[in-house]
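Notes to accompany the following structure.
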Amino acid sequence: MQLTGKTTVVGIFGAPVAHSLSPRMQNAAIKSSGLDAVYVPFHVTSTQLCDAVAGLRAMSLRGINLTIPHKEAACHLVDEMDKQAVLIGAINTIVNKNGCLKGYNTDGVGLLNALKQELGVDVAGKRVLLLGAGGACRAALVALCQAQAAWVGVANRTRERSQQLIEEISPNFSGTAFAEYELGPSLVNASKPVDLLINTTAVGLKGEAFGLPVVDCVKAGGAVFDMVYTPEPTALLDEARRRGLEAADGLGMLSAQGEAAFQLWFGRAPEAHVMRQAARFGF
Ligand code: NAP
């Protein structure tokens, strides 16, 4: 990679950021597309975010990804917001067009693409149960409604958060029915069997299981998607496969949200599978 004064710079702001797979995914895609560009991880704390976003204009960066803890705070620092990002209330991508910063959220489209590619699932007309009620769940909920899921349930450990999320999002989508639950022992009997279960919580990241029979919520022939991708397989996916359900981890979503950001910055899609392969195998 030959860097010059003409090289386009994109990257990611986060704290921590050193663990992020995005630099290797995006740089692999940049290289295979033959672009004169580079993707750089920047360790940016919450108190530095305002200056860092202003720096996008000052240094003419083409754009940036945002990860923990900046996805919500950054909404207040851009000039414009994409419609879907407004509904989600969080952004993971900024595009800098001649000094005008526009915020997007590509997690939702990343999820829908991964569901199609990894599980062959089109959510239109389906019953989907989301575990969690944090930022990733908000993006998933909006994307599922926009893709015309028939019913979406949200189950969270802290029930007030699932209630609040449904109250906020449901008035925007008359074509979808909603329900909210506590993520606890009563969930399995409360919810009718679903076509698709999606874990949007951090459970599994440390190898732990839910300690609840959440897979019982899925009907025979249904599928399970876990946004967590390390360790592979998570305890949830292991259990789903043991029951004969289709199951996929979050690596496909990670690469699909990255592909959508690449398209926004460079106006073209990256070569198919390059990001996924870089995320999974490191090249
Ligand atoms: P967040 O806003 O902090 O939300 C965390 C969620 O996890 C909350 O609903 C929280 O419930 C729940 N939770 C945490 N520990 C729990 C436990 N021990 N038992 C039950 N619930 C628990 O985080 P986020 O941004 O939504 O991210 C959530 C996960 O999704 C992370 O693992 C992240 O890596 C993953 N993710 C993956 C992708 C991808 O591309 N694959 C994209 C985005 C996020 P409470 O409300 O009760 O605290």
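Using this note's numbering, you'd call the opening residue of the sequence shown number 2 and step up by one each time.
Cβ atoms here follow ideal geometry from the backbone N, Cα and C, with glycine treated the same way.
All figures in this text were calculated on a predicted structure; none of them were measured in a lab.
- Distance from the CA of L4 to the CA of V204, rounded to the nearest whole angstrom, comes to 40 Å.
- N200 and T9 have their C-alpha atoms roughly 36 Å apart.
- For S61 and N99, the gap between their C-alpha atoms comes out near 8 Å.
- Rounded to whole angstroms, the separation of the alpha carbons of I170 and A150 is 14 Å.
- Within the DSSP bridge table, the entry for H44 names G15 as partners.
- Secondary structure at M2: coil, using DSSP grouped into helix, strand and coil.
- When the beta-carbon positions are compared, S192 and L130 come within less than 7 Å of each other.
- A distance criterion of 6 Å places the beta-carbon of G154 beyond contact range of the ligand NAP, judged by its closest non-hydrogen atom.
- Between M228 and A86, the CB-CB gap reaches or exceeds 7 Å.
- Annotation: the continuous alpha helix (DSSP H) that includes L238 extends over 236-243.
- Not one heavy atom of the ligand NAP is found less than 6 Å from the C-beta of L142.
- Distances taken from the Cβ of A203 to the heavy atoms of the ligand NAP include one shorter than 6 Å.
- It is roughly 40 Å from the alpha-carbon of T48 to the alpha-carbon of L120.
- As summarised for the region 210-239, the continuous beta strand (DSSP E) elements at least 3 residues long and confined to that stretch are 219-227, given in chain order.
- Counting along the chain, the unbroken alpha helix (DSSP H) around C146 starts and ends at 136-147.
- Membership of N114 in the alpha helix (DSSP H) is indicated by the continuous run 108-120.
- Residue side-chain check: G212 keeps its Cβ at 6 Å or more from all non-hydrogen atoms of the ligand NAP.
- A Cβ-Cβ contact shorter than 7 Å links A241 with V216.
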